[in-house]
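Presented below is the structure to which this report refers.
In the numbering used here, the protein residues as written are 96 to 254.
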């Protein structure tokens, strides 16, 4: 199976444990709720079910989710992107969101650990993320999980 993202690795199936990949179609998109937009970006547009299905169905990304005990409501989520470049497989964490009511309870830590494990299973050479300079609790979480700050500049082109 040739992956669209070029990693050449088969994707793992969905799980039903506390932190999970969204499960196989057709139920997976219906089981996932889009994270609150204000926590991601003040100017993000509303997601449609089709948008969410495209994220979940992509071979280049995994939506990792932490649910309340017993498969209850979603407490947090992140997107793990993985892709091949000439120097190897790379992974990137995007859109880490933990519900305000669940902060400080290990949800973010479980999400980050699941992303680290998944990227190791994919044999990614690096796992990167960016974080708003004002999000000090998130910085402590990432540094506690072994991430280090790089001295680099991030450039963005917007059309």
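Where a beta carbon is used, it is the ideal one built from N, C-alpha and C, also for glycine.
*For residue 220, which of helix, strand or coil comes out of DSSP?*
coil
*Using 8 Å as the threshold, is the stretch 206-217 in touch with the stretch 244-252, meaning 3 or more CB pairs across them?*
no
*Please state whether DSSP places residue 188 in a helix, a strand or coil.*
strand
_Using the three-state DSSP reduction, which class does residue 183 fall into: helix, strand or coil?_
strand
_Beta-carbon contacts of residue 174 that lie in its chain and below 6 Å, excluding the five residues immediately before and after_ = 156, 158, 189 and 190
*Beta carbon of residue 222 nearer than 8 Å to that of residue 186*: yes
*asked:* Just to confirm, is the Cβ distance from residue 184 to residue 147 under 8 Å?
replied: Going by C-beta atoms, residue 184 is not nearer than 8 Å to residue 147.
_Suppose contacts are defined by Cβ-Cβ distances below 8 Å. Is residue 224 in contact with residue 204 by that definition?_
no
*So residue 169 and residue 162 are in contact, right, with Cβ under 8 Å, and what is the actual spacing, rounded?*
6 Å
*Count the other C-beta atoms from every protein chain shown that fall within 10 angstroms of the C-beta of residue 213, then say buried if there are 16 or more, exposed otherwise.*
A residue is called buried once 16 or more other Cβ atoms fall within 10 Å of its Cβ, and residue 213 is buried on that count.
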